[in-house]
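Encoded as C-alpha cells, the structure appears first; notes follow it.
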C-alpha cells in the first residue's frame, strides 16, 4: 500500500506584519515605555521576533489616570447602546484581521496555527460580539435596574491564550462601562499591541483601553495601585494567592482564574475511540498549556489496557513541530522556563515510580519542544498527579466504581474543570453533579463559548467569565 | 413563702449536632445590657473551631445533596421552632441589646428565616442558565454551594444580624461554622437549640461562643473552609490576608453593621454559590 508522506503546509509568516519594535499603548497612543525593553522570541526557533517597550511606575500612573479620565468623562456616561457599537466594531475588526493575528499569535506563543486560526481568533471575536450586545441590556442581567460599573479595571493575563484571554477580560469590562489597563504576559505581548491598533481603528475613545507590556513587576504595580477599582487575574494559583493577599483589606474587587488539575474520567461503557480523541484533545490542545487541561486521566480498571493501547497509538500519530505548519498538532512550549518546569516534573514522575511513555515522533532540534508523554501506574500521592504540569504530559490513574472515580477526581485543592466519558445519561448527570469543578465536559472536552460561564471552584479561583454571570465581576452589585 | 429559685442554664457550644463544653474548659461571664451577670458562656478555642469545621465538612455532602425542596422544608421548620420560642428570644434579645424593640426584632428574625427558607428551590432557576452556545452542544449552568462557610457573626445584632448572615449560608446548601457575638452570645445559643430540634442534620450549622479576634484567624486560615464572612471581626484586612492562602471567598462587608431590618436581597446567596457549567454534545 502506498504511504503518503506529509508535505509541509506552512502558513506564511509575512502575514503577521511583524514589526521590529512594539510600544505600550496609553491614552489612545503608542508611547515609549520607560521600563526596560524586553525582547519577545519565537519559541519554535528561539529567534528574537521584536523588541517591546515596557511600562514603569510612571507609565502605570499615566495609564491609570487616562483610564480614570476616560471612565469619568467618556465611557462611564456613554449610553450602553453607544458602547455596544464600539464593541461590535472591535469584534468585526478582529474578524477582518484574524489571519494576521493568528499567525502573529502562533509566532509569539508557539501554538499550532490550526489552533490559533480555528480556536483563539474566532472565540476572541465572539467574546466581543457577545458582550457588545450586553452593553445596552444590563437592566435585564438580573442584578437589579441600572447596575453600575466599578471604574478602572487592572487586568493581568497569561501567555497561553494571549489574545483570547485579553478578549475574556476586556470585552465584559467595557460592555459594563469600565475602562481597563491590561498587562499582557511578558513572553506574549504582540497580539495585545495589535489589538491596541484595532482599538484605534475602531475609534475607541482614548484611555478606555490601555495596554502595558512588562513582567510581573508591572502586574504588581497594577495590583497595588490606589486608583484601580478592580483586579482581574488569570494565571497560576501561586501568583493568584499573592494577589489576593495584596488586595485583602482594600476596597478593590477581585476575580481570579487560576490553575487546575482536571480529572478526565473514562467509564467502561464509554465510546472508546471518541473518548480517546477527547482525552488527546483534553491534554495536548495548546501543548497542554491550558489551565483546564484534562491532565489526570481516570480510567475504569476493566478497560485500562485497551484505552492505553488506543491512546498510545493515537498519540504516536501526532505531529510536533513548526507552529506555522497547518499539519502540526503540537507546537512549541512557550518558554525555556516552562520547558524546564515540565522536564522537572516529568523527572519527578519517573523518580516516584510512574511508568513513562513518550511518543517517538521527531522533535525539532531548535526551539522549545516536548514530545507528548503519557504516564501510567500513577498514584494520587505523586507530584505528577497533584501538581499542574502545564505541558503535554498526561497522568493516568485507574478506578473501579463511579464513587471511587468521583473521590479521586475531587481529591485536589483545585476545581476548574473535569471530563466524563460514558454512554449512560443518568451516570453522566450524577457524576457531573458530584464533581467539584466549575466546568464539566461530558463526552467532549475543551469547549469554550462566550455564552457559557467559565471559572473555578476552590483554589482554581473565584468569579466567572462569560455568560450573564460573567458580568457580575465588573458591576457594583 | 420564699420565691421559687429558677433553674439556671449552662450555656454550651453547638458542634456536630451536640452541645459540648469548650474542650479548653474555658468560660467567660456574660452580662446583660445593664452589666448584670447572666451566665457563663463557653469560651471556644482553636480546637473547637477545628472540630466544628470537621463536623461542617462531614455534613456538607448530605446537606448540599439534599433536594432543594427538602432543605426548604427543614429551614421552614426552623422558623416554626423559632416562633415557638418567641418569648424566650424576646427576653434574651432585650437583655442583651436593651431597648424596647425586642419583640419586633425577633419577629423580623423569624420572617427573615422564612424568606430565606423559600429561596432554596428558586435560586437555581434565578441564577442558572441554559447557555446558547455556538455549536451542537447542550450547555447549562447551575449554581452549587461553595462548601464550608466560616461566619464571624455581627457583634451588635445578636439575633436578627445572626439570622441574616446564617440563613443564606444554609439556604444555598453550604454548611456553617459560626462564631457568635462575643458579648451577646445567648440568643445564638438558644438558636442552636432551635436548630438541634428542627430536623437540621447534625453539623450543618455549628455555633461557637467566644472571641472573634481569637477564633477568626483560625477560621480564615483553615484549609477546609471555603468562604468567610468577616462581618463580626475587627481586623478584617488581616483575616482576608490569611484567607488568601487557600483562595477563600471573603465577603465584602460594610465597615459598620448595616441596618438589619432593611429588606434583604439575594447578594448573600450569590456569594456562597459557585457556577458549574456542564456541556454535552447533541447528535443522533
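Protein chains in written order, with our numbering: chain A, 4 to 480; chain B, 748 to 1031. Backbone N, C-alpha and C fix where the C-beta goes; we use that ideal spot for every residue, glycine too.
Tell me whether residue i is buried or exposed, calling it buried when 16 or more other Cβ atoms sit within 10 Å of its Cβ.
i: residue 15 (chain A); result: exposed
i: residue 382 (chain A); result: exposed
i: residue 45 (chain A); result: buried
i: residue 337 (chain A); result: buried
i: residue 929 (chain B); result: buried
i: residue 792 (chain B); result: buried
i: residue 26 (chain A); result: buried
i: residue 905 (chain B); result: buried
i: residue 22 (chain A); result: exposed
i: residue 229 (chain A); result: exposed
i: residue 448 (chain A); result: buried
i: residue 491 (chain A); result: Residue 491 (chain A) cannot be examined here, being either before or after the span of chain A that is shown, 4 to 480.
If contacts are defined as beta-carbon pairs under 8 Å, then residue i and residue j qualify, I think. What distance do you get, rounded to the angstrom?
i: residue 956 (chain B); j: residue 927 (chain B); result: 5 Å
i: residue 135 (chain A); j: residue 169 (chain A); result: About 16 Å separates the two Cβ atoms, so there is no contact after all.
i: residue 62 (chain A); j: residue 37 (chain A); result: 6 Å
i: residue 800 (chain B); j: residue 924 (chain B); result: 6 Å
i: residue 401 (chain A); j: residue 282 (chain A); result: Incorrect: roughly 14 Å between the Cβ atoms, too far for contact.
i: residue 87 (chain A); j: residue 121 (chain A); result: Contact flag wrong, Cβ pair sits at about 27 Å.
i: residue 152 (chain A); j: residue 79 (chain A); result: 6 Å
i: residue 156 (chain A); j: residue 266 (chain A); result: Actually they do not touch by this definition, with Cβ atoms about 33 Å apart.
i: residue 823 (chain B); j: residue 786 (chain B); result: Actually they are not in contact, since the Cβ atoms of residue 823 (chain B) and residue 786 (chain B) sit about 30 Å apart, beyond 8 Å.
i: residue 441 (chain A); j: residue 469 (chain A); result: Residue 441 (chain A) to residue 469 (chain A), Cβ: 11 Å. No contact.
i: residue 255 (chain A); j: residue 391 (chain A); result: That belief does not hold up - the Cβ atoms of residue 255 (chain A) and residue 391 (chain A) are roughly 26 Å apart, past 8 Å.
i: residue 776 (chain B); j: residue 766 (chain B); result: Not quite, the Cβ-Cβ distance comes to about 19 Å (not below 8 Å), so this is no contact.
i: residue 205 (chain A); j: residue 988 (chain B); result: Contact doesn't hold; Cβ gap of about 40 Å is too wide.
Do you know offhand how far residue i's Cα is from residue j's?
i: residue 339 (chain A); j: residue 210 (chain A); result: 35 Å
i: residue 761 (chain B); j: residue 789 (chain B); result: 10 Å
i: residue 133 (chain A); j: residue 203 (chain A); result: 21 Å
i: residue 445 (chain A); j: residue 1028 (chain B); result: 8 Å
i: residue 183 (chain A); j: residue 213 (chain A); result: 6 Å
i: residue 244 (chain A); j: residue 972 (chain B); result: 16 Å
i: residue 124 (chain A); j: residue 164 (chain A); result: 10 Å
i: residue 363 (chain A); j: residue 313 (chain A); result: 16 Å
i: residue 859 (chain B); j: residue 297 (chain A); result: 43 Å
i: residue 257 (chain A); j: residue 300 (chain A); result: 32 Å
i: residue 407 (chain A); j: residue 808 (chain B); result: 15 Å
i: residue 49 (chain A); j: residue 191 (chain A); result: 13 Å
i: residue 227 (chain A); j: residue 187 (chain A); result: 17 Å
i: residue 373 (chain A); j: residue 1003 (chain B); result: 55 Å
i: residue 829 (chain B); j: residue 409 (chain A); result: 38 Å
i: residue 920 (chain B); j: residue 472 (chain A); result: 19 Å
i: residue 949 (chain B); j: residue 330 (chain A); result: 59 Å
i: residue 451 (chain A); j: residue 439 (chain A); result: 19 Å
i: residue 1032 (chain B); j: residue 916 (chain B); result: No answer is possible for residue 1032 (chain B): it lies beyond the span of chain B, which begins at 748 and ends at 1031.
i: residue 434 (chain A); j: residue 118 (chain A); result: 30 Å
Which residues in chain A sit within 7 Å of residue i, going by Cβ to Cβ distance?
i: residue 1005 (chain B); result: None at all; the shortest Cβ gap to chain A is about 16 Å.
i: residue 960 (chain B); result: Going along chain A, no residue has its Cβ under 7 Å from residue 960 (chain B), so there is no contact; the nearest lies around 15 Å.
i: residue 1028 (chain B); result: 446, 447
i: residue 984 (chain B); result: 251, 252
List, in order along the chain, the chain A residues whose C-beta lies closer than 9 Å to that of residue i?
i: residue 1032 (chain B); result: The structure shown does not extend to residue 1032 (chain B), since chain B is modelled only from 748 to 1031, so the question has no answer here.
i: residue 973 (chain B); result: 460, 461
i: residue 991 (chain B); result: 243, 244, 245, 246, 247, 248, 249, 250, 251
Listing by chain order, which chain B residues have their CB less than 8 Å from the CB of residue i?
i: residue 259 (chain A); result: 994
i: residue 472 (chain A); result: 874, 876, 888, 1022
i: residue 129 (chain A); result: 881
i: residue 431 (chain A); result: 1027
For residue i, go through chain B and note every residue whose CB falls closer than 7 Å to its CB, in chain order.
i: residue 442 (chain A); result: 1024
i: residue 435 (chain A); result: 1025
i: residue 460 (chain A); result: 1021
i: residue 464 (chain A); result: 994
Kindly say whether residue i, judged by its beta-carbon, lies nearer than 8 Å to any beta-carbon of chain E.
i: residue 316 (chain A); result: Reference to chain E is not applicable here, since the protein chains of this structure are A and B.
Give the interface partners of residue i over in chain A, defined as CB-CB distance under 8 Å, in chain order.
i: residue 988 (chain B); result: 248, 251, 252
Name, please, each residue of chain B whose Cβ falls closer than 9 Å to the Cβ of residue i.
i: residue 467 (chain A); result: 888, 1021, 1022, 1024
Relative to the ligand FAD, is the shortest distance from any of its heavy atoms to the C-beta of residue i smaller than 7 Å?
i: residue 419 (chain A); result: Inclusion of the ligand FAD in the displayed structure is not the case, the ligand content being empty and no account of it being possible.
_Please identify, using Cβ separations under 8 Å, the residues of the stretch 772 to 788 of chain B that lie next to chain A, in order along the chain._
none
*asked:* Output needed in chain order: residues of the stretch 229 to 246 of chain A with a Cβ under 9 Å from some Cβ in chain B.
replied: 240, 243, 244, 245, 246
*Mind checking the stretch 121 to 153 of chain A against chain B and listing, in chain order, the residues whose C-beta falls within less than 8 Å of any C-beta there?*
129, 145, 147
*asked:* Short of 7 Å Cβ to Cβ, which residues in the stretch 915 to 931 of chain B face chain A?
replied: none
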